[in-house]
Ligand code: CP
Ligand code: NVA
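Numbering (full-length UniProt numbering), first residue to last: 1 to 338.
Written out as structure tokens, the structure reads:
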């Protein structure tokens, strides 16, 4: 069965940790691993705007020896004339993986159900799991560990970032707190999934409306735009509702003395975060942005290795085309296929 990455809890704690280890290795030796040599192509499709995701996948696929195929939906048949399932069947004949930034999670699931190559969620309305791999890598670099760390997400609790923090943070054994207005709480099913995962890893999840309660003693404080892509027509109502959820120096004063601040970017200074905080000494946003590159390279290498190993297990005369991939990710495949 093909492994995909559509939401953060598609990975177990051990798998997530193995990908972060691989990302650390790839960051230390940026051009040392070529699992996409050939070059193999990877399709990276955008229904929504992007700077970091577009650049980090393009550069990362090139770093891995592959050929990035960046597609804007507006200039393709997907998104109007052709279904995700037909698109998936065509692409699998030509590319080694499909990366897609879109709206609903259902489209990603349809794409994944109809292709033999891995599908990666590059942001949906519900989750932003690639960003979370980068965030976890960054937290690990700055805090030394993930398990036991307390992270407070402040703002739109129903957003892709808040919901991905609940799942990815719980998977990592972190204590995840979300502070959001009641009408912007995370989906109940996502909270339940986070709670289930946290029970396995020793983490916890907590959803509150009071930002001070969420930030109290936290090691990491995170926010994101109050107006996510696709929500522009709600802009004024959102700005009014979220006023009071701004991360400023006064709120940061409730966090641990050595707490760090994170934001996936793009940021609206003066709205969800003040310039003093995002541009101040506790902010680690540039490391966070850079780590998109290393985390996604590791994710792609891991998925290719995991799927090649699965195929090898079921096909006696397995291809050796992915030999370099297998070498790169040998340390990580045992858990992927266990
Ligand atoms: N953080 C993030 O995904 O940025 P882009 O929208 O620029 O890709
Ligand atoms: N929540 C934001 C993230 C942007 C990277 C959005 O969906 O627009």
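Just so it is clear, CB atoms sit at the ideal spot from N, CA and C, and this is done for glycine as well.
| query | result |
| --- | --- |
| Rounded straight-line distance, which links the Cα of residue 92 to that of residue 285 | 35 Å |
| Beta-carbon proximity list for residue 13, same chain, < 6 Å, skipping 5 on both sides | 171 and 201 |
| Alpha-carbon to alpha-carbon, residue 161 and residue 139 | 15 Å |
| Coil, strand or helix - residue 4 by DSSP | coil |
| Nonlocal neighbours in the same chain, by C-beta distance under 8 Å from residue 69, ignoring five residues either side | 41, 42, 43, 44 and 95 |
| Distance CB(residue 277)-CB(residue 249) smaller than 8 Å | yes |
| Residue 160 CB to nearest heavy atom of ligand 2 below 7 Å | yes |
| Whole-angstrom distance between residue 210 and residue 307, CA atom to CA atom | 44 Å |
| Buried versus exposed, by CB contacts within 10 Å (16 or more), residue 235 | exposed |
| Nearest-angstrom Cα separation, counted from residue 272 out to residue 184 | 14 Å |
| Own chain partners of residue 97 with C-beta closer than 8 Å, once the 5 adjacent residues on each side are dropped | 42, 43, 117, 118, 119, 120, 300, 303 and 304 |
| Contact test: residue 164 Cβ vs ligand 2 heavy atom, cutoff 7 Å | no |
| Where the alpha helix (DSSP H) containing residue 111 begins and where it ends | 105-113 |
| Cβ pair residue 205, residue 221 closer than 8 Å | no |
| Residues sharing a beta bridge with residue 100, DSSP | 45 and 121 |
| heavy atom of ligand 2 below 7 Å from residue 373 C-beta | One cannot answer for residue 373 here, as it falls past the ends of the chain, which runs 1 to 338. |
| Closer than 7 Å: residue 229 CB and nearest ligand 2 heavy atom | yes |
| Three-state secondary structure assigned by DSSP to residue 154 | strand |
| Contacts around residue 111, its chain only, beta-carbon distance under 8 Å, and the 5 residues preceding and following it disregarded | 84, 85, 87, 88, 98, 100 and 119 |
| Under 8 Å between C-beta atoms of residue 34 and residue 64 | yes |
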